[in-house]
Structures are given as structure tokens and as C-alpha cells.
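Below is one structure, written out as C-alpha cells; the observations come after it.
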Amino acid sequence: MPSAGTPKGVMKVFGLAGWSGAGKTTLMCTLIPALTRRGLRVSTLKHAHHAFDIDTPGKDSYEHRQAGAAEVMVASANRWALVHELRGAPELTSEELVERMTPVDLLLIEGFKRDAHDKLEVHRPSLGKPLLCPDDRHIVAVASDVPLSGLTVPRLDLDDVESIATFIIAHCDLTGRAHGAN
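With my numbering applied, the sequence shown corresponds to residues 376 to 557, in that order.
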């Protein structure tokens with residue numbers, strides 16, 4: 376159910392982008408509680424490898440999909456999940472997937488680094504990979520584990536999750552919905 380004051384279309388969207396191994400998932404898993412402690416309702420959208428599966432052989436829902444069901448919904452008293460088989464149809468864009476999400480205060484997107492939504496680049500120079508921000512106008516800041524020179528966007532300390540949360544709240548204009556840290 377949407378949170379009060381978050382009608383469809385008003386949901387703020389913010390992404391984490393970076394090379395594999397940079398720490399996007401680790402940062403995401405520390406950002407979510409930092410943001411929810413401040414009273415925000417947060418959901419996530421994660422881009423996965425094309426071969427991922429959330430279902431396993433032997434489960435009824437898996438058997439339903441194997442039998443040809445276009446969609447399978449699994450539900451319990453604790454959660455529900457909808458699996459939609461593309462069966463050769465094109466992969467949905469992040470924008471199309473966001474439209475299918477229940478509105479919350481903030482939707483964090485992990486991956487989809489080439490898509491046109493504001494993002495924080497997670498960068499570790501030790502990986503030997505180039506910065507994405509010079510070629511992506513949607514990167515509004517970089518979180519790094521070491522100081523960086525020559526940036527045209529703010530640099531945040533990758534280990535200071537509270538400052539990163541504060542930055543995202545301010546950037547997404549959620550200050551009125553959030554309360555102070557902890």
C-alpha cells in the first residue's frame with residue numbers, strides 16, 4: 376500500500392551505479408536502514424544478470440512456469456511475489472519497471488547504470504576501472520573510499536553512510552518527509 380502523501384508519479388527515484396565489485400550492494404544494504412530510520416518508506420529495484428531465477432525446480436510455482444504460465448503469483452501471510460515470464464519479449468527498461476512499483480517515498484535502483492535517472496557512482500580506484508561520471512550527466516555525486524581529484528560532482532566518503540543518506544534526502548527533496556538520523 377502506498378505511504379500517505381506518496382501518490383503515483385510523485386515517488387522519488389535515485390540510483391547507485393558502478394563497476395562490479397565497487398560495493399553497490401553493500402552500500403545499498405546500509406543505506407536502506409539509514410533511510411528507513413529517518414521515517415522514509417524505501418523500495419529497491421535491482422538489475423540482475425539475465426539468467427537469474429528466484430524459483431527452484433521442485434517448487435509448485437516453478438512447475439507452473441515450466442508448464443507455460445505467463446505469470447505466477449506466490450503469496451503467504453508474510454509476502455507475495457509475482458514472476459512474469461518474458462518468453463522472448465524484450466527486457467523492460469528501468470522506467471517501465473518503476474511504473475509497476477507501488478509508490479513509496481524513495482525507490483533506490485541498483486544497476487541500470489546507463490539509464491536516465493539521477494545516480495550516485497560507487498567508485499573504488501583499487502579496481503582499476505575508470506570513473507563513469509565524466510560520461511554520464513545523470514551521476515550527481517561519487518562515493519569513494521579514497522579522495523579523488525578533478526571531479527565536477529561532489530565526492531562523498533563511501534564509509535559514511537549517514538552523510539550519503541543525508542545527501543540523497545536533500546537531492547531528492549525529501550527533507551520534509553524525513554526526520555533526523557537515528
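The beta-carbon is built from N, C-alpha and C at its ideal position, and this holds for glycine as well. As the structure is a prediction and not an experimental result, all values here were calculated from the model.
Check: If you drop the 5 nearest sequence neighbours on each side, which residues of the same chain put their C-beta closer than 8 Å to that of A445?; Outcome: H459, E460, R462
Check: Output the residue ranges of the beta strand (DSSP E) runs that lie fully inside the segment 446-518 and measure 3 residues or longer, sorted by chain position.; Outcome: 446-450, 455-459, 481-485, 494-498
Check: With respect to the beta strand (DSSP E) encompassing F389, which residues constitute its N-terminal and C-terminal limits?; Outcome: 387-392
Check: The beta strand (DSSP E) with T419 in it runs from where to where?; Outcome: 417-421
Check: Over the uninterrupted beta strand (DSSP E) stretch that includes D532, give me the two end residues.; Outcome: 530-532
Check: Kindly list the residues whose CB is nearer than 8 Å to the CB of S538, restricted to its own chain and excluding five residues on each side of it in sequence; keep chain order.; Outcome: L531, D532
Check: Closer than 6 Å by C-beta to R499: which residues in its own chain qualify, once you throw out the five before and the five after it? Chain order, please.; Outcome: A397, D520
Check: Buried or exposed: which applies to E470, given that a residue is buried once 16 or more other Cβ atoms fall within 10 Å of its Cβ?; Outcome: exposed
Check: Look at K421 and C547 and say whether their C-beta atoms are less than 8 Å apart.; Outcome: no
Check: Please classify R475 as buried or exposed, where buried requires at least 16 other C-beta atoms within 10 Å of its C-beta.; Outcome: exposed
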